[in-house]
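For reference, the structure discussed in these notes is given below.
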């Protein structure tokens with residue numbers, strides 16, 4: 001009948017024909033859908049059981065929990081996927097409060113699954129607060145709570161009212177970024193003091209009593225205050241140590257600006273046998289105090305930032321961190337007039353790269369009264385306390401000339417037999433003076449405490465001073481194994497450049513020449529100067545910057561070089577930086 005109906009037919013006939021056609025369309029769509037379902041059932045992913053597929057969905061949710069894009073990617077693909085997503089409540093247990101309609105729907109679909117609540121919103125309309133209140137009221141379902149309190153009056157009350165036990169809570173992260181008037185205190189009734197599965201606690205801008213039952217059997221503890229305020233430190237060192245005694249499985253500990261004064265009464269050390277990471281930041285006395293009361297594995301990564309009145313007052317932190325018990329392969333020292341940073345690695349790192357910040361030990365000491373003498377005494381303390389016999393790489397950063405040649409020589413008492421690479425940032429002239437043969441301090445020529453070992457000849461380009469067939473000799477130089485040198489920001493005035501050139505030529509004479517030299521942002525260094533250095537060092541890397549000259553100096557240089565064409569040069573940077581570190585040949 002529908003085939004004979006046209007648009008000019010009677011209205012009733014047209015309507016009936018349309019209904020008949022709609023029925024045929026629905027029938028065919030149903031057949032097509034059934035065929036698609038059968039075809040999807042033959043896809044390889046259909047071999048996965050629903051339980052496994054739901055876990056795959058959960059990985060997608062965790063990769064972008066703040067968005068709801070994943071809802072289309074798992075529930076709008078096919079009937080089977082939608083059925084699996086709706087069947088397993090934990091897929092919906094990460095409500096996103098940035099999308100209020102979806103947050104409400106997720107709270108419904110999650111049913112009784114454990115909830116992960118992450119709330120870091122700045123704009124909080126009433127409906128959002130209502131949904132958050134609804135979620136937090138289900139304390140017995142909480143598995144993880146990550147809450148950033150930006151409005152103290154509107155949001156802190158939500159936490160205070162959480163007085164029911166949280167039997168399944170395993171992670172608690174509270175932050176008060178919107179409040180800087182001192183830490184916010186959590187009442188003793190918070191979570192009813194009953195969280196048997198709690199293992200990770202992270203409090204930023206919050207305070208909790210150290211005898212709280214929540215601080216038991218933790219594997220991670222992080223408590224950070226924005227600034228040290230003596231009025232908020234009501235606890236004692238003994239209370240803090242007692243709390244740590246109840247965390248024998250602790251793996252990560254971070255305490256900043258909360259350490260109490262040193263305990264006066266004697267007590268056994270706290271044993272943290274599983275500690276992997278320790279971070280402290282406070283006054284030097286408090287940092288030393290807690291370090292002296294703890295025992296942890298030597299393999300733990302330790303980062304300490306302390307503050308003192310002057311440089312000498314910060315010296316105890318180095319013994320408190322037991323740097324004498326570590327034998328690093330790489331060392332970085334950064335110094336200003338009021339700060340020193342020391343980083344140690346138990347492996348060889350390339351200081352030319354950027355991905356080397358995962359140090360085994362990092363100490364940052366700052367003091368209020370700047371002192372150049374304090375820099376030198378601190379530098380000597382570090383170098384003479386650390387066992388440096390296995391050191392392969394050294395990086396030194398300084399904004400001053402405060403380290404004398406005598407200090408550099410004194411720091412090489414172990415003779416640094418395996419130190420192969422040095423990076424220097426700044427203009428420590430004392431270091432350059434210690435590289436050569438004629439090292440004179442107070443009119444007295446200095447010689448290494450231990451003579452360098454005879455080094456076998458290797459096939460390299462013959463330098464100007466190291467002619468082919470030259471016999472290997474017993475060295476008399478400091479840094480005998482130095483082969484790779486990087487200078488950044490060095491001021492090569494005429495006398496300094498001449499002295500440096502003589503020093504590296506003397507190293508060739510003693511068969512201890514440099515294999516590579518890198519020059520970055522060095523002042524008073526010209527292309528002609530670099531050409532001269534290339535005649536001594538087989539591989540020179542220069543950034544091509546000619547900086548630090550006055551206008552008159554630049555004009556004279558242009559006139560001098562007017563008739564020369566230097567051409568193009570190809571540079572190589574530390575080609576053999578690692579090749580020689582652990583070779584069969586060694587320096588004893």
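In the UniProt record's numbering, the protein residues as written are 1 to 588. By construction, the Cβ of each residue, glycine as well, lies at the ideal position given by its N, Cα and C atoms.
Note to self: Quick check on the burial criterion: 16 or more other C-beta atoms within 10 angstroms. Buried or exposed for residue 66?
What the structure shows: For the purposes of this step, residue 66 is taken as the residue at position 66 of the chain shown. With fewer than 16 other beta carbons inside 10 angstroms of its own, residue 66 counts as exposed.
Note to self: Suppose the cutoff is 7 Å on Cβ atoms and the five residues either side in sequence are ignored; what does the same chain contact list for residue 206 look like?
What the structure shows: Taking the first residue of the chain shown as position 1, residue 206 is located at position 206. Apart from sequence neighbours up to five positions away, the residues of its chain that approach residue 206 with a beta-carbon distance below 7 Å are 174, 176, 183, 184, 186, ordered along the chain.
Checklist line | Outcome for residue 456 when other beta-carbon atoms lying within 10 angstroms are tallied against a minimum of 16 | finding: As a working mapping, residue 456 is identified with position 456 in the chain shown. Legend: pLDDT at residue 456 = 42, less than 50; position of this residue unreliable, value from coordinates given subsequently. Classification for residue 456: exposed.
Check: CB-CB under 6 Å to residue 370, same chain, minus the five flanking residues each way: which ones, in chain order?
Finding: Within the chain shown, the letter at position 370 stands for residue 370. Counting only residues of its own chain and dropping the five nearest sequence neighbours on each side, residue 370 has a CB closer than 6 Å to the CB of 337, 338.
Item checked: Close-in-space but distant-in-sequence residues of the same chain around residue 239 (CB under 7 Å, 5 per side omitted) -> Looking up residue 239 in the chain shown gives position 239. Only 210, 211 meet the Cβ criterion.
Check: Among 313, 359, 486, which has the Cα closest to the Cα of residue 520?
Finding: Translated into the one-based positions of the chain shown, residue 520 becomes position 520. Looking at the Cα atoms, 486 is the closest of the given residues.
Notebook entry, point to check: Leaving out the 5 sequence neighbours to the left and right, which residues in its chain are closer than 7 Å to residue 19 when beta-carbon positions are compared?
Noted result: The residue labelled residue 19 in the question sits at position 19 within the chain shown. Answer for residue 19: no residue qualifies.
Next item on the list: For residue 502, I'd like the list of residues in its chain whose CB is within less than 8 Å of its CB, leaving aside the five on either flank, ordered along the chain.
Entry: Your numbering for residue 502 matches position 502 in the chain shown. So the list reads 436, once near-sequence residues are dropped.
Check: What are the boundary residues of the beta strand (DSSP E) that residue 345 is part of?
Finding: Stepping through the chain shown from its first residue, residue 345 is reached at position 345. Per DSSP, residue 345 belongs to the beta strand (DSSP E) from 339 to 345.
Notebook entry, point to check: Using 8 Å as the Cβ pair cut-off and three pairs as the minimum, do the stretch 273 to 284 and the stretch 241 to 259 touch?
Noted result: Contact between the stretch 273 to 284 and the stretch 241 to 259 is present: 3 or more CB-CB pairs across the two stretches fall below 8 Å.
Check: Does the count of Cβ pairs from the stretch 185 to 204 and the stretch 156 to 175 closer than 8 Å reach three?
Finding: Short answer: they touch.
Notebook entry, point to check: Is the stretch 75 to 87 touching the stretch 116 to 132 in the sense that three or more CB pairs, one from each, lie closer than 8 Å?
Noted result: Judged by Cβ distances under 8 Å, the stretch 116 to 132 makes no contact with the stretch 75 to 87, as fewer than three pairs qualify.
Item checked: Residue range of the beta strand (DSSP E) that includes residue 129 -> Translated into the one-based positions of the chain shown, residue 129 becomes position 129. Per DSSP, residue 129 lies in no beta strand (DSSP E); the unbroken alpha helix (DSSP H) holding it starts and ends at 126 to 136.
Item checked: Close-in-space but distant-in-sequence residues of the same chain around residue 249 (CB under 7 Å, 5 per side omitted) -> In the chain shown, counting from the first residue as 1, residue 249 sits at position 249. So the list reads 217, 219, 274, once near-sequence residues are dropped.
Checklist line | Beta-ladder partner(s) of residue 396, from DSSP | finding: For the purposes of this step, residue 396 is identified with residue 396 of the chain shown, where counting begins at 1. DSSP lists 333, 424 as partners of residue 396.
Margin query: To the nearest angstrom, how far is the alpha carbon of residue 169 from that of residue 108?
Written below: Indexing the chain shown from 1 puts residue 169 at position 169. Indexing the chain shown from 1 puts residue 108 at position 108. Whole-angstrom Cα-Cα distance: 20 Å.
Next item on the list: Can you say whether residue 76 is buried or exposed, counting buried as having 16 or more other CB atoms within 10 angstroms of its CB?
Entry: Locating residue 76 in the chain shown gives position 76, where the first residue counts as 1. Answer is exposed; the Cβ neighbour count stays below 16.
Check: What does a CB cutoff of less than 8 Å around residue 102 pick up in its chain, not counting 5 residues either side in sequence?
Finding: To locate residue 102, count along the chain shown from 1; it is residue 102. Excluding sequence neighbours, residue 102 sits near 68, 71, 95, 96.
Check: Residue range of the beta strand (DSSP E) that residue 541 falls in?
Finding: Position 541 of the chain shown, counted from the start, is the residue given in the question as residue 541. DSSP places residue 541 inside the beta strand (DSSP E), whose first and last residues are 539 to 542.
Notebook entry, point to check: Which of the three DSSP states, helix, strand or coil, is assigned to residue 101?
Noted result: Here residue 101 is taken as the residue at index 101 of the chain shown, counted from 1. DSSP, read as helix, strand or coil, puts residue 101 in helix.
Checklist line | Where residue 292 falls, given that 16 or more other Cβ within 10 Å makes a residue buried | finding: Numbered from 1 along the chain shown, position 292 holds the residue referred to as residue 292. Residue 292 is exposed by the Cβ-count criterion.
Check: Applying the criterion that 16 or more other CB atoms from any shown protein chain within 10 Å of the CB defines a buried residue, is residue 529 buried or exposed?
Finding: In the chain shown, counting from the first residue as 1, residue 529 sits at position 529. Note on residue 529: 16 or more other CB atoms within 10 angstroms of its CB, so buried under the neighbour-count rule.
Next item on the list: Please work out which residues of its chain come closer than 7 Å, Cβ to Cβ, to residue 534, disregarding the five sequence neighbours upstream and downstream, and give them in chain order.
Entry: Position 534 of the chain shown, counted from the start, is the residue given in the question as residue 534. Annotation for residue 534: 540 place their beta carbon closer than 7 Å to its own, counting only its chain and skipping 5 residues before and after.
Margin query: If you reduce the DSSP assignment to three classes, tell me which class residue 109 lands in.
Written below: Taking the chain shown and counting its residues from 1, the one referred to as residue 109 is at position 109. Look at residue 109 here: in three-state DSSP terms it is helix.
Next item on the list: May I ask you to report which of helix, strand or coil DSSP gives residue 250?
Entry: In the chain shown, the residue the question calls residue 250 occupies position 250. Residue 250: coil per DSSP, three-state reduction.
Note to self: At the level of alpha carbons, what is the spacing between residue 442 and residue 221?
What the structure shows: Translated into positions along the chain shown, residue 442 becomes position 442. Translated into positions along the chain shown, residue 221 becomes position 221. Rounded to whole angstroms, residue 442 to residue 221 spans 53 Å at the Cα level.
Notebook entry, point to check: How should residue 296 be labelled, buried or exposed, when 16 other C-beta atoms within 10 angstroms of its C-beta is the threshold for buried?
Noted result: On the chain shown, position 296 is the one that residue 296 refers to. When all chains shown are included, residue 296 counts as buried.
Note to self: Measuring straight from C-alpha to C-alpha, what distance separates residue 581 and residue 420?
What the structure shows: Numbered from its first residue, the chain shown carries residue 581 at position 581. Numbered from its first residue, the chain shown carries residue 420 at position 420. Low confidence applies here, because residue 581 scores a pLDDT of 34, under 50, leaving its location unreliable; read the following figure in that light. Taken atom to atom, the span from the alpha-carbon of residue 581 to that of residue 420 is near 7 Å.
Next item on the list: Name the two residues that bound the continuous alpha helix (DSSP H) containing residue 163.
Entry: What you label residue 163 is simply residue 163 of the chain shown in a count that begins at 1. Per DSSP, residue 163 belongs to no alpha helix (DSSP H) and is neither H nor E.
Next item on the list: State the start and end residues of the unbroken beta strand (DSSP E) segment that holds residue 279.
Entry: Mapped onto the chain shown, residue 279 falls at position 279. It spans 277 to 283 - the beta strand (DSSP E) in which residue 279 sits, taken as one unbroken run.
Notebook entry, point to check: With which residues is residue 236 paired in a DSSP beta bridge?
Noted result: The residue given as residue 236 occupies position 236 in the chain shown. Looking at the DSSP assignment, residue 236 forms no beta bridge with any residue, so it has no partner.
Notebook entry, point to check: Taking the continuous alpha helix (DSSP H) assigned at residue 117, which residues delimit it?
Noted result: On the chain shown, position 117 is the one that residue 117 refers to. Residue 117 -> not in any alpha helix (DSSP H); beta strand (DSSP E) instead, spanning 115 to 119.
Next item on the list: With DSSP collapsed to three states, give me the class of residue 259.
Entry: For the purposes of this step, residue 259 is taken as the residue at position 259 of the chain shown. Reduced to three states, the DSSP call for residue 259 is coil.
Note to self: According to DSSP, is residue 465 part of a helix, a strand, or is it coil?
What the structure shows: Walking along the chain shown from the start, residue 465 turns up at place 465. Caution applies to residue 465, whose pLDDT of 43 falls short of 50 and renders its modelled position unreliable; the model cannot decide the point.
Check: residue 306 lies in the alpha helix (DSSP H); which residues open and close that run?
Finding: Taking the chain shown and counting its residues from 1, the one referred to as residue 306 is at position 306. Per DSSP, residue 306 lies in no alpha helix (DSSP H); the unbroken beta strand (DSSP E) holding it starts and ends at 301 to 308.
Next item on the list: Please check the pair residue 214 and residue 201, which I expect to be a contact at CB under 8 Å, by giving their CB distance rounded to whole angstroms.
Entry: Counted from its first residue, the chain shown places residue 214 at position 214. Counted from its first residue, the chain shown places residue 201 at position 201. Going by Cβ atoms, the distance from residue 214 to residue 201 rounds to 7 Å, so yes, they are a contact pair.
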